[in-house]
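Residue numbers (UniProt numbering), protein chains in the order written: chain A, 1 to 168; chain B, 1 to 168. By construction, the Cβ of each residue, glycine as well, lies at the ideal position given by its N, Cα and C atoms. None of the values given here were measured: they were computed from a predicted structure. Right, one structure below, let's go through it.
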DNA sequence: ACGCTTTGATTCGAATTTGAACAACCCTAG
DNA sequence: CTAGGGTTGTTCAAATTCGAATCAAAGCGT
């Protein structure tokens, strides 16, 4: 811990690229979603997860783990979605405290309406800008980065990936 | 605009990796900065830019362009930094409306105190997790992605990079 | 059955972000 | 010189975020 190892030019470029790309892609998608379907990105993510879950319902806590926002943030966003009729709350039969978030028909409709524009935006902003090698890097390298910072278990499967592949 | 081109498995993995890594690295650094120096990431970025500017001062509008936040967001954060004595405001002599944000001695001290821990965190979270080839791809690929989404000039220099390299 | 520790979800207050509206000002064409 | 158009920075309200505190209920060992 003597003199800190500063970043050389290449490392700096990588860091700057990562930082800028994160922010700009984030803003770009936020924008697209908002004007395309009136959804924020957190909200869209919630709908996606619900749409893929069997029965279209997930417990709040589990949902909070799959999504970027905190627990209280999730309560807020689900409340918002509920007010728009895209999601419904159902209390868990086996656990009085438990609450399921359930995707309504209307919610599924909105989700399916929003998805094409969203993937198109993702392609335009990120995927289609990169070549094969670069795509692999994002998947492998950044996957590794993300996994190392996993708030949950430090003990990730030693295989190249975990089992929670989800769509978009 | 017929049937949208969905993401195949590899593209999906890349997108997920990028998204997760962005969020987790962001949170990680935010956390580290906050408890290391009581600075938020936006605030730290402001100090860095000021620290590299000649005379340690930059016009508000120019600063707003270099940083992630919006114009009003910048006003807020500079106000915050001013209250902590790390930044001072100075009105521009040639333009009455103009305002320079100026790094104070105390501000420079705090910046220099915060920098080592920050780069260490950046290394730990991102840089040191990737090998040489991956760093190069990251710099090139995400640099390209970021440049394409540049809110300012669509007309970027055709060279591989622009001239605004900044430290961290 | 009884305490005690965890867990599930919400509520609350404080901090932050954004875009729109605003007031003041610069500059250039005519 | 002077009106019009663009700039500059701030203010404002609304939306969102987070973490800590809260409250009820489940799980557990005895």
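{"Check": "Cβ of residue 22 (chain B) less than 8 Å from any chain A Cβ?", "Outcome": "yes"}
{"Check": "Please list the partners that residue 127 (chain B) has in chain A, where partner means a Cβ-to-Cβ separation under 9 Å.", "Outcome": "7, 11, 14, 15"}
{"Check": "Identify every run of the beta strand (DSSP E) within the stretch 90 to 142 of chain A, keeping only runs that are complete inside it and at least 3 residues long; order them along the chain.", "Outcome": "99 to 103"}
{"Check": "Between residue 143 (chain A) and the ligand ATP, is there a pair consisting of the residue's CB and a ligand heavy atom that are separated by less than 7 Å?", "Outcome": "This structure does not include the ligand ATP; it has no bound ligands of any sort."}
{"Check": "Could you check whether the stretch 11 to 20 of chain A touches the stretch 100 to 115 of chain A, counting it as contact only if at least three pairs of C-beta atoms, one from each stretch, sit closer than 8 Å?", "Outcome": "no"}
{"Check": "Do residue 125 (chain A) and residue 149 (chain B) have their C-beta atoms closer together than 8 Å?", "Outcome": "yes"}
{"Check": "Cutting at 8 Å between CB atoms, please list the residues of its own chain near residue 40 (chain B), excluding the five before and the five after it.", "Outcome": "30, 33, 34, 77"}
{"Check": "Beta carbon of residue 6 (chain A), beta carbon of residue 119 (chain B): below 8 Å?", "Outcome": "yes"}
{"Check": "In three-state DSSP terms, what is residue 57 (chain A)?", "Outcome": "strand"}
{"Check": "Mapping the DSSP letters down to three states, classify residue 10 (chain A) as helix, strand or coil.", "Outcome": "helix"}
{"Check": "Give a yes or no on whether 8 Å exceeds the smallest Cβ distance from residue 116 (chain B) to chain A.", "Outcome": "yes"}
{"Check": "Determine whether the Cβ of residue 49 (chain A) lies closer than 8 Å to any Cβ atom of chain B.", "Outcome": "no"}
{"Check": "Pick helix, strand or coil for residue 144 (chain B), following the three-state DSSP scheme.", "Outcome": "helix"}
{"Check": "Taking residue 72 (chain B) as part of the alpha helix (DSSP H), name the residues at either end of that continuous run.", "Outcome": "71 to 83"}
{"Check": "In angstroms, rounded to a whole number, what distance separates the CA positions of residue 146 (chain B) and residue 98 (chain A)?", "Outcome": "42 Å"}
{"Check": "For the alpha helix (DSSP H) that residue 52 (chain A) lies in, which residues bound it at each end?", "Outcome": "41 to 52"}
{"Check": "Below 8 Å CB to CB, which residues in the same chain sit around residue 80 (chain B) once its five sequence neighbours on both sides are set aside?", "Outcome": "43"}
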